Amino acid sequence: MQRPEELKEVAQVMRREMGLLGVEELETSSIYIHDQEEKKTECWYAIKDIREEEKVMVADHFVLDLKDTWVGREMLKFYETKQEQVSIVMKGDARKEWIVYCEKHSKALQGYYGEVIPERTYHLYKFSHGAIGVATPADLSEESWGLLKRAASVFSLAYSRFKDLTQARLDLQRLKEEKKRAEDALKELQLTQQQLVHAEKMASLGELTAGIAHEIKNPLNFVNNFSEVTRELVEEMIEELKNGDAEEADAIASDVIQNLEKIVHHGQRADSIVRGMLQHSRSGDGQKEPTDLNALADEYLRLAYHGLRAQDKSFNAAMETELDETLGQVNIVPQEIGRVLLNLLTNAFHAVSEKKLKKPEGYQPTVTVKTKKAGKGVEIRVSDNGDGIPEKIRDKIFQPFFTTKPTGQGTGLGLSMSYDIITKGHEGKMKVTSEIGKGTTFTVTLPGN
């Protein structure tokens, strides 16, 4: 038995088998599934159809509200006692009331008895979830009661297993629904995370671009200035040649050549900045390559500084470097380490900027980058002399979406992404040490080549 509908088939089998075993003039066999709280019982029955000559069965299912009829109320009393068996004699108005009620709720019974409704007795035997019963014209023998008892015992076990199976199916369905909801929530979370990561990258790109704009402005200013001076020198040289003063013209030509060399030099400097921007802002293929870590650290120190200066012209800070010249080339993904450096340095400049706004006496904002060999690997330290990070939140700063910035000014993904780049992408380590009022140091350790 696996579905509730199969109870109708069980009732038919029980009716047929009990008839073969000779239960006294058996008319109906029924299975009652009782709900004590609702005072209702589901009835699954099978009855020999006396309207047809063929030996067919009428089988159906309906719900009884036990409070509605005298027979129902007798059944309810039985369920509420400790009795295991009961016989309910139905005759007169009680019998007629019962048949009218059953025909109303089960179309299969409509017109079954016709005008004459014979008296019957219901014999019920309890099982774990209700009772099974038979309807006969008279009492049951002890042997028949024993048969009904055994049937109730077997059915009790079968129905308990059926309930367990039904509950398992319901649980499985709920699990599938919960799994679907969890999968939908995960997809939505992943989409949101992708959007936030993109926002963080765009914010970093904005800071990078601001720094690059300042860096490229200096060589372009030199190019413009020397070009203007050179134009004036060429005009002056032409005048000297017209006047026949070749010696002075030669001297001016020498100055022009020097200026042109300076223009070329600063043009190449601008070109190298642009190429560096393309190299460090492109997505890259994620492959590690030998990289000058000192040059990378120095470049991003200046880019982070000028990025903040582009937002606040009044900001100023000292930049210090202690770069180990013996490092040589380090095998890293330069775009990713550049992103980490930009994030750490930008945070450092923000920290000293916020402290400077408090105008402490004699305070000089300072951000320091150090590199050195560390065993078989290398170490990068980014330090600031800001206000420091409170101890109660130090363990949280690498968690995704954690930020101390006002709403709208930070995604809370910068340090989390940086931590993943170092620990997962480069199999390195990142830690923070901080002292309130004195500053913070982030230490990145990368494995050697």
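Residue numbering for the sequence shown is 1 to 449, as defined by my numbering. Glycine residues also receive a C-beta, built at the ideal position from the N, C-alpha and C atoms. Since this is a predicted model, take the numbers as computed values, not measurements.
Assuming residue i and residue j make a contact with CB atoms under 8 Å, what is their CB distance in whole Å?
i, j, result
"Leu-446", "Ile-332", "7 Å"
"Arg-120", "Arg-95", "7 Å"
"Gly-459", "Gly-377", "As shown, the chain starts at 1 and ends at 449. That puts residue 459 outside it, with no answer to give."
"Ala-317", "Val-367", "6 Å"
"Met-430", "Ser-418", "7 Å"
"Ile-389", "Ile-397", "7 Å"
"Leu-327", "Lys-373", "7 Å"
"Val-444", "Gly-425", "Not confirmed; about 12 Å, so no contact."
"Ala-152", "Lys-126", "7 Å"
Between residue i and residue j, is the Cβ-Cβ spacing less than 7 Å?
i, j, result
"Thr-371", "Ala-270", "no"
"Glu-248", "Glu-240", "yes"
"Ala-131", "Leu-124", "yes"
"Gly-342", "Tyr-300", "Residue identity check: residue 342 is Leu in the sequence provided, not Gly. Yes, Cβ-Cβ distance for Leu-342 and Tyr-300 is below 7 Å."
"Thr-41", "Leu-66", "yes"
If you compare alpha carbons, which of the options is closest to residue i?
i, options, result
"Thr-97", "Ser-87, Gly-111, Trp-70, Pro-118", "Inspection of the sequence shows that residue 97 is occupied by Glu rather than by Thr. Closest by alpha carbon: Trp-70."
"Asp-292", "Ile-337, Ile-397, Arg-309", "Ile-337"
"Lys-358", "Val-369, Gln-335, Asp-387", "Asp-387"
"Lys-355", "Gly-437, Ala-304, Gln-110", "Gly-437"
"Arg-339", "Gly-414, Lys-373, Ser-141, Ile-33", "Gly-414"
"Glu-320", "Asn-294, Arg-181, Asp-164", "Asn-294"
"Glu-261", "Val-223, Asn-243, Glu-143", "Val-223"
"Thr-230", "Ala-246, Gly-244, Ala-253, Thr-441", "Ala-253"
"Val-86", "Glu-42, Leu-109, Gly-133, His-34", "Gly-133"
"Asp-93", "Thr-433, Pro-118, Val-58, Glu-289", "Pro-118"
"Leu-344", "Phe-315, Tyr-122, Leu-303, Glu-80", "Leu-303"
"Val-63", "Tyr-32, Thr-441, Tyr-122, Glu-143", "Tyr-32"
"Gly-439", "Asp-420, Gly-375, Phe-349, Gly-428", "Phe-349"
"Met-57", "Leu-109, Asp-139, His-34, Ile-421", "Leu-109"
"Tyr-450", "Gly-425, Asn-385, Gln-36, Lys-91", "Missing from the structure shown is residue 450; the chain here goes from 1 to 449 and no further."
"Glu-228", "Ala-152, Asn-259, Lys-176, Ala-251", "Asn-259"
"His-61", "Ile-88, Lys-91, Asp-68, Ser-30", "Ser-30"
"Ala-138", "Pro-360, Ile-88, Lys-149, Gly-307", "Ile-88"
How big is the Cα-Cα spacing for residue i and residue j?
i, j, result
"Gly-114", "Lys-104", "14 Å"
"Gln-83", "Thr-166", "28 Å"
"Ser-128", "Glu-38", "17 Å"
"Leu-323", "Asp-184", "49 Å"
"Leu-147", "Ile-99", "26 Å"
"Val-479", "Thr-346", "Outside the shown range of the chain (1 to 449) lies residue 479, about which nothing can therefore be said."
"Ser-283", "Gln-335", "In this prediction, Ser-283 scores a pLDDT of 47, lower than 50, which makes its location untrustworthy; the coordinate-derived value is nonetheless stated afterwards. About 7 Å."
"Ile-458", "Val-352", "There is no way to answer for residue 458, as the model of the chain reaches only from 1 to 449."
"Glu-112", "Asp-164", "Here the sequence assigns Tyr to residue 112, which means Glu is not the residue at that position. Those two C-alpha atoms are separated by around 36 Å."
"Ser-141", "Ile-47", "21 Å"
"Glu-188", "Leu-172", "24 Å"
"Tyr-45", "Lys-107", "13 Å"
"Arg-394", "Gln-364", "25 Å"
"Val-256", "Gln-311", "38 Å"
"Gln-287", "Ala-168", "50 Å"
"Leu-21", "Val-154", "Per-residue confidence for Leu-21 stands at a pLDDT of 48, beneath the threshold of 50, marking its modelled position as unreliable; the derived number appears in the next sentence. Each residue's Cα considered, the two are about 17 Å apart."
"Ala-246", "Asn-225", "26 Å"
"Asn-243", "Lys-313", "50 Å"
"Tyr-122", "Tyr-101", "16 Å"
"Met-1", "Gln-195", "For Met-1, the pLDDT reaches just 48, beneath the cut-off of 50, and the residue's location in the model is therefore unreliable, leaving the point undetermined."
"Asn-385", "Val-432", "14 Å"
"Asn-221", "Leu-233", "18 Å"
"Thr-403", "Glu-289", "32 Å"
"Ala-158", "Leu-76", "24 Å"
"Arg-174", "Arg-181", "10 Å"
"Glu-54", "Ser-144", "Because Glu-54 carries a pLDDT of 49, less than 50, the predicted location of this residue cannot be relied on, and the following value inherits that uncertainty. Going from the Cα of Glu-54 to the Cα of Ser-144 covers about 26 Å."
"Ser-434", "His-265", "43 Å"
"Gln-399", "Ile-422", "14 Å"
"Lys-176", "Leu-186", "15 Å"
"Lys-450", "Asp-68", "As displayed, the chain neither begins before 1 nor continues past 449, which places residue 450 out of reach and without an answer."
"Phe-442", "Asp-420", "14 Å"
"Gly-375", "Gln-268", "38 Å"
"Pro-468", "Ala-251", "Given that the chain is displayed from residue 1 to residue 449, the structure contains no residue 468 and the question cannot be resolved."
"Lys-149", "Glu-178", "43 Å"
"Tyr-191", "Arg-309", "With the sequence shown as reference, residue 191 is identified as Leu, and Tyr is not the correct amino acid for it. Roughly 34 Å between the two C-alpha positions."
Requested in this report: Pick out the complete beta strand (DSSP E) segments inside the stretch 348-382, 3 residues or longer, and give them in chain order.
Outcome: 366-374
Query raised in the report: Can you give, in chain order, each stretch of the alpha helix (DSSP H) that sits fully within the stretch 237-318 and has at least 4 residues?
Result: 246-281, 293-311
Report task. Identify every run of the alpha helix (DSSP H) within the stretch 392-447, keeping only runs that are complete inside it and at least 4 residues long; order them along the chain. Result -> 414-420
Query raised in the report: Fully enclosed by the stretch 96-171, which beta strand (DSSP E) runs are 3 residues long or longer?
Result: 120-127, 130-136
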